[in-house]
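A.B. asks: I have a structure I would like to understand better, so I am pasting it below and will then ask my questions one at a time.
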Amino acid sequence: MLEIKNLRASIGEKEILTGINLTVDAGEIHAVMGPNGSGKSTLAQVLAGHPGYEVTEGTVLYD
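Positions 99 to 161 (the working numbering) are the ones given, in order, by the sequence shown.
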């Protein structure tokens, strides 16, 4: 299971993700889709712990 609640992330002073919420239950398959520049890759990098991004609020639970 993956649960993201009110995730906010920034690079320096610039907030790049604001209030992301997502729940993927065990056995489910989801795709994150959107236009260029909407934050899909940024979300993946934040979840992977990329050192260039700072999580400023929210929780991520991976079980």
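All C-beta atoms, glycine included, are put in the ideal place defined by N, C-alpha and C.
Note that the coordinates shown come from a computational prediction; the quantities given were computed from them, not determined experimentally.
Are the CB atoms of residue 124 and residue 152 within a distance shorter than 8 Å?
C.D. replies: Stepping through the sequence shown from its first residue, residue 152 is reached at position 54. Stepping through the sequence shown from its first residue, residue 124 is reached at position 26. Contact flag unset, no.
A.B. asks: Output needed for residue 104: all residues of its chain with C-beta closer than 7 Å, excluding positions within five of it in sequence on either side, in chain order.
C.D. replies: Against the sequence shown, residue 104 aligns to sequence position 6. For residue 104, where only same-chain residues beyond five positions count, the Cβ hits under 7 Å are 117, 119, 155, 156.
A.B. asks: Could you check what DSSP says for residue 139 in three-state terms: helix, strand or coil?
C.D. replies: Taking the sequence shown and counting its residues from 1, one reaches residue 139 at position 41. Reduced to three states, the DSSP call for residue 139 is helix.
A.B. asks: When DSSP labels each residue in this structure, what does residue 144 get in the three-state scheme?
C.D. replies: Within the sequence shown, numbered from 1, the residue matching residue 144 stands at position 46. Looking at residue 144 - three-state DSSP - the assignment turns out to be helix.
A.B. asks: If I measure Cβ to Cβ from residue 114 and keep anything under 8 Å in the same chain, skipping five residues before and after, which residues do I get?
C.D. replies: Start at 1 with the first residue of the sequence shown, and residue 114 comes out as number 16. Closer than 8 Å at Cβ, skipping near neighbours: 107, 108, 137, 140, 151.
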